[in-house]
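Under the numbering used here, think of the first position of the sequence shown as 199, with each following residue one higher. What follows is a single structure, written as C-alpha cells, with notes after it.
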Amino acid sequence: MLRIGLRHRIALFVGISPAVLALATGAFLVDRQHEKVEELLTDRYQARARLLGIYLAEPAPNPAGELMLAEVAEDRSIVLVEFFDAKGSRQRTIAGAFDGVEAEDIRASATGQDGPASTVEEIAPYPGGLLHVRGHFIAVTVPVGEGGGWVRLLFCTRTENEELDRIAWTALAIILCGLFLGLGLALRLDRGLRRVIANLSRVTQEISTGKLDRRLQVRTGDDLEHLGDLFNHMAASLSAAQEALDAKNKELANLLERRTRALQVAKDMAAHHEEMAATGLLAAGVAHEIGNPLSSISGIAQRLRADHPDPEVTARCESILDVAHRIERILRDLRTFAWPDGDARLTAVEVGQIVRDLVQLAGSKLEGGDIEFRLDEEPGVPPVTADADRLRQVFLNIAINAIEAMSGQGVLSVRVARAGEEVLVAFRDTGIGMTPEVARQIFNPFFSTKNEERRRNSGLGLAISSAIIQRLGGRIDVASSPGVGSTFTVFLPAATRALSPPATRALAQACPERSEGAAAR
Numbered sequence: 199m200l201r202i203g204l205r206h207r208i209a210l211f212v213g214i215s216p217a218v219l220a221l222a223t224g225a226f227l228v229d230r231q232h233e234k235v236e237e238l239l240t241d242r243y244q245a246r247a248r249l250l251g252i253y254l255a256e257p258a259p260n261p262a263g264e265l266m267l268a269e270v271a272e273d274r275s276i277v278l279v280e281f282f283d284a285k286g287s288r289q290r291t292i293a294g295a296f297d298g299v300e301a302e303d304i305r306a307s308a309t310g311q312d313g314p315a316s317t318v319e320e321i322a323p324y325p326g327g328l329l330h331v332r333g334h335f336i337a338v339t340v341p342v343g344e345g346g347g348w349v350r351l352l353f354c355t356r357t358e359n360e361e362l363d364r365i366a367w368t369a370l371a372i373i374l375c376g377l378f379l380g381l382g383l384a385l386r387l388d389r390g391l392r393r394v395i396a397n398l399s400r401v402t403q404e405i406s407t408g409k410l411d412r413r414l415q416v417r418t419g420d421d422l423e424h425l426g427d428l429f430n431h432m433a434a435s436l437s438a439a440q441e442a443l444d445a446k447n448k449e450l451a452n453l454l455e456r457r458t459r460a461l462q463v464a465k466d467m468a469a470h471h472e473e474m475a476a477t478g479l480l481a482a483g484v485a486h487e488i489g490n491p492l493s494s495i496s497g498i499a500q501r502l503r504a505d506h507p508d509p510e511v512t513a514r515c516e517s518i519l520d521v522a523h524r525i526e527r528i529l530r531d532l533r534t535f536a537w538p539d540g541d542a543r544l545t546a547v548e549v550g551q552i553v554r555d556l557v558q559l560a561g562s563k564l565e566g567g568d569i570e571f572r573l574d575e576e577p578g579v580p581p582v583t584a585d586a587d588r589l590r591q592v593f594l595n596i597a598i599n600a601i602e603a604m605s606g607q608g609v610l611s612v613r614v615a616r617a618g619e620e621v622l623v624a625f626r627d628t629g630i631g632m633t634p635e636v637a638r639q640i641f642n643p644f645f646s647t648k649n650e651e652r653r654r655n656s657g658l659g660l661a662i663s664s665a666i667i668q669r670l671g672g673r674i675d676v677a678s679s680p681g682v683g684s685t686f687t688v689f690l691p692a693a694t695r696a697l698s699p700p701a702t703r704a705l706a707q708a709c710p711e712r713s714e715g716a717a718a719r
C-alpha cells in the first residue's frame with residue numbers, strides 16, 4: 199500500500215487545494231451565469247413568439263408584423279421560426295440569421311410533442327464549448343390565438359455566451375497558472391520541511407548516542423523555528439540533567455569510596471585492636487613474669503661486678519647487663535606497640551615544625567657524613583590533631599630506616615603538603631629499595647631486613663609507627679623499587695575536620711580524658 203509522507207501531503211495540499219478550489223468555484227460561477235443568460239433569452243424569445251403568433255392570427259397583414267418578420271430574418275440567434283395550423287401542418291417557415299448548423303438537423307433533434315401548449319425544450323448544446331458555455335439550442339412553442347395553431351421558435355444562445363466563453367477560458371488559464379505557482383510554492387515548502395526534518399533527525403540521533411551538546415538550527419521565522427527552540431531547550435535541559443546526574447554519581451562514587459575506605463579502616467583497626475588487646479595481655483604477662491627475674495639478674499650482675507674486680511668477671515657481668523637492658527627495651531617497645539596511646543596528649547600540631555626540627559636534629563648528628571637532606575614544605579598546610587611526641591617518634595623511625603637503607607650515602611627528601619582534607623609527609627630516600635613482597639611485611643611486628651649482627655632494636659619501630667598513625671585516623675603508604683629507593687608517605691586528617699569514627703573510638707578507648715578534648719577541637 200502506497201503511503202504518502204506528512205511533508206508530501208502538506209505540499210500536495212498547499213499546491214493543489216487552492217487550484218481545485220478555484221476551479222470548482224469558477225465552474226460553479228460560470229454555470230450559474232450560463233443558466234441566468236439562457237433564462238433571460240428564453241423569456242425574451244417566448245415573448246417574441248407570442249407577438250408573432252398574434253400577428254399571424256390576424257386575417258390581414260400589417261406593417262408591425264412585417265417588421266417583426268424582418269427582424270427575425272436578421273436575428274443571428276434565431277435558427278428558424280415555424281408556423282403550424284390547428285391540424286399540425288406547417289404553414290410557413292422563416293429562417294433566422296444563425297449560421298453554422300443546418301436547421302433541419304436541429305429540428306430533428308427536438309423531442310417535444312407538437313401542439314398548441316407553451317413549452318420550452320433544450321435540444322442540444324452548441325458543439326465545442328467548455329461546460330456548454332458556448333450555448334444551447336432551445337425551442338420554444340406558444341399557441342396562436344383561439345384557432346388551435348402554434349408557433350415554434352428555435353434559437354441558440356451562442357452569441358450571448360461568447361463573452362462568457364472567453365471569461366471561462368481566461369479563468370481556466372489563470373487557474374492553471376495558479377496551480378503551477380502553487381506547486382512551485384509547495385515544492386519550496388517541501389524542501390524547507392525536508393531540511394528541517396533531516397536536521398531534526400540527525401540531531402535527535404546524535405543526542406540519542408550521548409552527544410548532548412548538539413543543537414538544532416532552524417531559522418524560518420515561524421512555528422518551525424519555535425519548535426526548534428523548544429527542542430533545543432529540551433536538549434539543554436537533558437544535558438543539564440545528565441551533567442547533574444554525572445556529578446551526583448561522581449559524588450556518590452567518592453562517598454562510597456570514602457565510606458568503603460573508612461569501613462576498611464574500621465575493620466582493620468578493630469582487628470588490630472583485638473590483636474593489640476591480646477598482645478597487651480601477653481606484654482603484661484611477659485613484663486610481670488620476666489620483669490622481676492630480670493631485675494634480680496641485673497642486680498646480681500651489678501653486685502658481682504662490684505665485688506669481684508677480676509677483668510674476666512667484669513666483662514661477663516657487662517655482657518649480662520647489656521643483654522638485660524636489651525630485654526628491657528624489647529618489653530618497653532612491646533608495651534608501646536600494645537598501647538600506642540597510653541600517655542598520648544592530643545593537640546593541634548604543626549607538622550612542618552616537627553619535620554624541620556627532625557631534619558635539623560638528624561643533620562647535626564650526621565654532620566660530616568654523605569647524607570643530604572632536602573625539605574620541601576608547601577605554604578598554608580593546616581595542622582593535624584595528634585600527640586607531638588608520638589608524631590615525632592613516627593617521623594624519626596621512618597627517617598632512621600631511610601638513612602640505614604642508604605648505608606650512609608644518599609639523599610633523603612622530605613615533602614610536607616596538603617592533599618584534599620589530609621596532610622601528607624613523604625620521606626623519599628635513594629637507598630637499596632624493597633621488593634613488593636618485603637614492602638607488604640615491613641609493618642608486621644618483629645619483621646626486619648637486617649641480619650642478627652646489624653640488628654640492634656626489637657623490630658617494632660615501623661609497626662609502632664603504623665599503629666600510632668592508624669589510631670589518629672591516618673595511614674602510611676609505601677612505594678619502593680629495588681635499586682631505586684623507597685618513599686614512605688604519612689597521611690593524617692587535617693585539623694579542619696574531625697577524626698574518622700574508628701580513630702575517635704580508638705583514641706577514646708586508649709585515653710578518654712584527652713581524646714574528648716581533641717574531638718572537641
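We treat Cβ as the ideally placed atom computed from N, Cα and C, and that holds for glycine.
- Any C-beta of chain C sitting closer than 9 Å to the C-beta of N452? This model lacks chain C altogether; it includes just one protein chain.
- CB-CB under 7 Å to E711, same chain, minus the five flanking residues each way: which ones, in chain order? Stepping through the sequence shown from its first residue, residue 711 is reached at position 513. Unreliable positioning characterises E711 in this predicted model, as indicated by a pLDDT of 37, which lies under 50. A coordinate reading is not provided.
- Quick one: Cα of R364 to Cα of A337, how far? In the sequence shown, counting from the first residue as 1, residue 364 sits at position 166. In the sequence shown, counting from the first residue as 1, residue 337 sits at position 139. Approximately 25 Å between the Cα atoms of the pair.
- Continuous alpha helix (DSSP H) assignments of at least 4 residues falling wholly in the region 225 to 312: 261 to 272 and 301 to 306
- Item | Neighbourhood of I640 by C-beta, 6 Å cutoff - its chain only, sequence neighbours within 5 removed | Residue mapping note: residue 640 aligns to position 442 of the sequence shown, counting from 1. Here the set comprises L660.
- Query: Mind checking whether S287 and C354 have CB atoms under 9 Å apart?
  - Reply: Taking the sequence shown and counting its residues from 1, one reaches residue 287 at position 89. Taking the sequence shown and counting its residues from 1, one reaches residue 354 at position 156. No, the Cβ-Cβ distance between S287 and C354 is not below 9 Å.
- Relative to the C-alpha of L594, which residue among P577, L453, I569 and V557 is closest? Here residue 594 is taken as the residue at index 396 of the sequence shown, counted from 1. Ranking the options by Cα distance to L594, first place goes to V557.
- Item | Rounded C-alpha distance that separates R503 from A677 | Numbered from 1 along the sequence shown, position 305 holds the residue referred to as residue 503. Numbered from 1 along the sequence shown, position 479 holds the residue referred to as residue 677. Approximately 49 Å, taken between the alpha carbons.
- Item | alpha helix (DSSP H) runs contained entirely in the region 335 to 366, provided each spans 4 or more residues | none
- Query: Measuring CB to CB, does V463 end up less than 9 Å from R673?
  - Reply: Reading the sequence shown from its first residue, position 265 is the one you call residue 463. Reading the sequence shown from its first residue, position 475 is the one you call residue 673. Their beta carbons are under 9 Å apart, which means V463 touches R673 by this criterion.
- Message: On the criterion of 16 or more Cβ atoms from any shown chain inside 10 Å, does V549 qualify as buried, or is it exposed?
- Response: Position 351 of the sequence shown, counted from the start, is the residue given in the question as residue 549. Result: buried.
- Task: Check whether the Cβ atoms of V270 and G294 lie closer than 9 Å to each other.
- Result: Along the sequence shown, one-based indexing puts residue 270 at 72. Along the sequence shown, one-based indexing puts residue 294 at 96. Result yes, Cβ atoms of V270 and G294 sit closer than 9 Å.
- What number of angstroms, rounded off, separates the C-alpha of N490 from the C-alpha of Q500? Position 292 of the sequence shown holds residue 490. Position 302 of the sequence shown holds residue 500. About 15 Å.
- What do you get for C375, buried or exposed, if any count of 16 or more other CB atoms within 10 angstroms of its CB means buried? In the sequence shown, residue 375 corresponds to position 177, counting from 1. Flag for C375 reads exposed.
- Does DSSP put T512 in a helix, in a strand, or in coil? Within the sequence shown, residue 512 is the residue found at index 314, counting from 1. Here T512 sits in helix by DSSP.
- Is DSSP giving G608 helix, strand or coil here? As a working note, residue 608 is residue 410 in the sequence shown. G608: strand per DSSP, three-state reduction.
- By the 10 Å Cβ neighbour count, where 16 or more other Cβ atoms means buried, how is W367 classified, buried or exposed? By 1-based counting over the sequence shown, the position of residue 367 is 169. Exposed, since its Cβ has fewer than 16 Cβ neighbours within 10 Å.
- Could you tell me the distance, in whole angstroms, from the CA atom of E651 to the CA atom of V582? For this step, residue 651 is matched to residue 453 along the sequence shown. For this step, residue 582 is matched to residue 384 along the sequence shown. Reliability of the predicted coordinates at E651 is poor, the pLDDT of 42 falling under 50, and no value is obtained from them.
- A445 to T407 span [Cα, whole Å]: The residue given as residue 445 occupies position 247 in the sequence shown. The residue given as residue 407 occupies position 209 in the sequence shown. Their backbone Cα atoms lie some 20 Å apart in a straight line.
- Residues that DSSP places opposite D574 in a beta bridge: One-based indexing of the sequence shown puts residue 574 at position 376. According to DSSP, which records beta bridges pairwise, D574 is partnered with R613.
- Message: Suppose you measure from the CA of L610 to the CA of L622; what does that come to, to the nearest Å?
- Response: The residue you call residue 610 lines up with position 412 of the sequence shown. The residue you call residue 622 lines up with position 424 of the sequence shown. In a straight line, the C-alpha of L610 is about 16 Å away from that of L622.
- Message: Pop quiz: A255 and V342 are said to be a contact at Cβ under 8 Å. What is the actual Cβ separation, rounded to whole angstroms?
- Response: As a working mapping, residue 255 is identified with position 57 in the sequence shown. As a working mapping, residue 342 is identified with position 144 in the sequence shown. Indeed they touch by this definition, with Cβ atoms about 5 Å apart.
- Task: Rank I292, G333 and D466 by C-alpha distance to the C-alpha of E233 and give the top, closest one.
- Result: In the sequence shown, the residue the question calls residue 233 occupies position 35. Out of I292, G333 and D466, G333 has the C-alpha closest to the C-alpha of E233.
- Message: Which residue wins for smallest C-alpha separation from I630, given the options L249, V682, V612 and R457?
- Response: Numbered from its first residue, the sequence shown carries residue 630 at position 432. It is V682.
- Task: Could you have a look at L658 and say whether DSSP puts it in helix, strand or coil?
- Result: Working through the sequence shown from its first residue, we reach residue 658 at position 460. In the structure shown, L658 sits in coil (DSSP, three-state: anything other than H, G, I, E or B).
- Could you check the C-alpha separation between P216 and A371 for me, to the nearest Å? What you label residue 216 is simply residue 18 of the sequence shown in a count that begins at 1. What you label residue 371 is simply residue 173 of the sequence shown in a count that begins at 1. Computed Cα separation, rounded: 14 Å.
- Item | Outcome for Q311 when other beta-carbon atoms lying within 10 angstroms are tallied against a minimum of 16 | For the purposes of this step, residue 311 is taken as the residue at position 113 of the sequence shown. Low confidence applies here, because Q311 scores a pLDDT of 49, under 50, leaving its location unreliable; read the following figure in that light. So Q311 ends up on the exposed side.
- Query: Taking all protein chains shown into account, do 16 or more other C-beta atoms lie within 10 angstroms of the C-beta of R356, making it buried, or fewer, making it exposed?
  - Reply: Taking the first residue of the sequence shown as position 1, residue 356 is located at position 158. Buried: at least 16 other Cβ atoms inside 10 Å.
- Item | Distance between L690 and Q730 (C-alpha atoms, nearest Å) | It is not possible to answer for residue 730, since the shown part of the chain is limited to 199 through 719.
- Query: Can you pull the DSSP bridge partners for E620?
  - Reply: Counting from one through the sequence shown, the residue named residue 620 turns up at place 422. The partner list for E620 (beta bridge, DSSP) reads A617 and P691.
- Exposure of D568, with buried meaning 16 or more beta-carbon neighbours within 10 Å: Along the sequence shown, read from residue 1 onward, the residue named residue 568 stands at position 370. Exposed.
- Task: Would you tell me roughly how many angstroms separate the C-alpha atoms of A476 and A560, rounded to the nearest one?
- Result: On the sequence shown, residue 476 is found 278 positions in, with the first residue counted as 1. On the sequence shown, residue 560 is found 362 positions in, with the first residue counted as 1. The straight-line gap from Cα to Cα measures roughly 36 Å.
- Query: Can you tell me where the alpha helix (DSSP H) with I598 in it begins and where it stops?
  - Reply: As a position in the sequence shown, residue 598 is number 400, starting the count at 1. Note, I598: alpha helix (DSSP H), A586 to A603.
- Item | Cβ pair V340, A262 closer than 9 Å | Position 142 of the sequence shown, counted from the start, is the residue given in the question as residue 340. Position 64 of the sequence shown, counted from the start, is the residue given in the question as residue 262. For V340 and A262, no; Cβs fall outside 9 Å.
- Selected residue, minimal CA-CA separation from L425, among D466, N397 and L379: Here residue 425 refers to the residue found at position 227 of the sequence shown. Cα-wise, what sits closest to L425 is N397.
- Item | Contact set for R654: own chain, Cβ-Cβ below 7 Å, skip 5 residues either direction | The count along the sequence shown starts at 1 and reaches residue 654 at position 456. Reliability of the predicted coordinates at R654 is poor, the pLDDT of 49 falling under 50, and the value obtained from them is presented with this limitation in mind. Once the five neighbours on either side are set aside, R654 has no close Cβ partner at all.
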